[in-house]
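J.: In the numbering used here, the protein residues as written are 3 to 244. Positions of the beta carbon are idealized from the N, C-alpha and C atoms, including for glycine. All values reported here derive from a predicted model rather than from experimental measurement. Handing you this structure, nothing more for now.
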Amino acid sequence: MSPLDTFLFTALPYVAIIVFLGGTIYRYRATRFKYSSLSSGFLEKRTLFWGSMPFHWGVMMLFLGHLIAFLFPRSVLAWNGEPVRLLVLEVAAFIFALSVLWGLAMLMIRRVGSARIRAVSSYMDVLILSLLMAQTVLGLLIAWNFRWGSSWFAASLTPYLRSIFAFQPDIAAVSAMPWLVKLHIVGAFLIVLAIPFSRLVHVLVVPLHYIWRPYQLVIWNWRKDRVRDPESGWTVTRPRNT
3 MSPLDTFLFT ALPYVAIIVF LGGTIYRYRA TRFKYSSLSS GFLEKRTLFW GSMPFHWGVM
63 MLFLGHLIAF LFPRSVLAWN GEPVRLLVLE VAAFIFALSV LWGLAMLMIR RVGSARIRAV
123 SSYMDVLILS LLMAQTVLGL LIAWNFRWGS SWFAASLTPY LRSIFAFQPD IAAVSAMPWL
183 VKLHIVGAFL IVLAIPFSRL VHVLVVPLHY IWRPYQLVIW NWRKDRVRDP ESGWTVTRPR
243 NT
């Protein structure tokens, strides 16, 4: 085990967790009304739909798969004992990862290609999209080059992750992993670290109350046709008259 492995897989996880917890709590207390994804859907909807839907459905399925392998590794290994079921699981995960990559590509094109969206974007928006795209590409490369990831994740990475939460980090298994896998793990920690400073913070405040809240009344003070016209000039505060 090299000093770099010790830093990346022992120190970095705890730094990410501390920043995540401290940052999210501070941001919620200091800027509660910005504790969301700061939706820009009213500025442009078509590309948002074709980016957001594949991304969100894909990432939810992938997160659920990783979570199940973390919580129930023996069940995952037992499921994978049947080759057909293992193949179905791996193919489904690969398709969901492609869905995530497609969605991220559409969101990136929208973020940098639309003047309206650029006006309400920050460097962090582009950075977090780039980080997510890199993480997804790494995951696809791992799935293609190191097959049956659901099995070796449950057998090797789950004990490592559990050792982190038990405050007894054991990095022997992860230190022997290929560098593609190591970069994927480090990318996950960096995403956790970046959550308090990005739009990803909205995953912590899922608006379930929207299901039963009354309808919201929207009153337009501007001409709707001019606001929605992609050819019209735009500022952060109001449409231009020219």
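Contact defined as beta carbons within less than 8 Å: I believe S54 pairs with L109. What is the distance between those atoms, to the nearest angstrom?
T.: Within the sequence shown, the letter at position 52 stands for residue 54. Within the sequence shown, the letter at position 107 stands for residue 109. Going by Cβ atoms, the distance from S54 to L109 rounds to 7 Å, so yes, they are a contact pair.
J.: Answer yes if the segment 5-18 comes into contact with the segment 186-203, meaning at least three C-beta pairs across the two stretches below 8 Å, and no otherwise.
T.: Yes, they touch.
J.: Apart from the five residues on each side of it in sequence, which residues of its chain come closer than 7 Å, Cβ to Cβ, to L50?
T.: Translated into positions along the sequence shown, residue 50 becomes position 48. So the qualifying residues of the chain are G43 and R112.
J.: Give every residue of the same chain whose Cβ lies closer than 8 Å to the Cβ of L133, excluding the five residues on either side of it in the sequence, and list them in chain order.
T.: Here the question's residue 133 lines up with position 131 in the sequence shown. Cβ neighbours of L133 beyond the five flanking positions: G189, L192, I193 and A196.
J.: Using only the alpha-carbon positions, how far apart do L14 and G24 sit?
T.: Here residue 14 refers to the residue found at position 12 when the sequence shown is read from its first residue. Here residue 24 refers to the residue found at position 22 when the sequence shown is read from its first residue. Straight-line Cα distance between these residues: approximately 15 Å.
J.: Please tell me whether P198 and R29 are closer than 7 Å, where the distance is taken between their beta carbons.
T.: What you label residue 198 is simply residue 196 of the sequence shown in a count that begins at 1. What you label residue 29 is simply residue 27 of the sequence shown in a count that begins at 1. Yes, these two residues count as a Cβ contact at 7 Å.
J.: Report the option in L73, L91, S124 and T26 whose CA atom is closest to the CA atom of A157.
T.: Numbered from its first residue, the sequence shown carries residue 157 at position 155. The candidate whose alpha carbon is nearest that of A157 is L73.
J.: Report all residues from its chain with a CB closer than 8 Å to the CB of L106; omit the five preceding and five following residues, and keep chain order.
T.: To locate residue 106, count along the sequence shown from 1; it is residue 104. Cβ within range, chain order: G53, F57, L131, L134, M135 and T138.
J.: Can you tell me the Cα-Cα spacing of H186 and V176, whole angstroms?
T.: In the sequence shown, counting from the first residue as 1, residue 186 sits at position 184. In the sequence shown, counting from the first residue as 1, residue 176 sits at position 174. Distance between the alpha carbons of H186 and V176 is about 11 Å.
J.: Quick check on the burial criterion: 16 or more other C-beta atoms within 10 angstroms. Buried or exposed for F98?
T.: Sequence index remark: in the sequence shown, residue 98 carries index 96 (1-based). Classification of F98: buried, given that the 10 Å Cβ count is 16 or more.
J.: On the DSSP letters alone, give me the boundaries of the alpha helix (DSSP H) that N147 sits inside.
T.: The count along the sequence shown starts at 1 and reaches residue 147 at position 145. Its alpha helix (DSSP H) spans residues Y125 to N147.
J.: Out of K184, I27, S123 and V203, which has the shortest C-alpha to C-alpha gap to I144?
T.: The residue labelled residue 144 in the question sits at position 142 within the sequence shown. Looking at the Cα atoms, K184 is the closest of the given residues.
J.: G60 and S101: beta carbons closer than 7 Å?
T.: Taking the sequence shown and counting its residues from 1, one reaches residue 60 at position 58. Taking the sequence shown and counting its residues from 1, one reaches residue 101 at position 99. It is a contact, given that the beta carbons lie within the stated cut-off.
J.: Please report the distance separating the alpha-carbon of W81 from that of L88.
T.: Counted from its first residue, the sequence shown places residue 81 at position 79. Counted from its first residue, the sequence shown places residue 88 at position 86. If I take the Cα positions, the gap works out to 7 Å.
J.: Select from T160, W181 and L182 the residue whose C-alpha is nearest the C-alpha of D172.
T.: Within the sequence shown, the letter at position 170 stands for residue 172. Minimum Cα distance to D172 is reached at T160.
J.: Express the C-alpha separation of H68 and V207 in angstroms, rounding to a whole number.
T.: Position 205 of the sequence shown, counting from 1, holds the residue named residue 207. Position 66 of the sequence shown, counting from 1, holds the residue named residue 68. Each residue's alpha carbon lies about 21 Å from the other.
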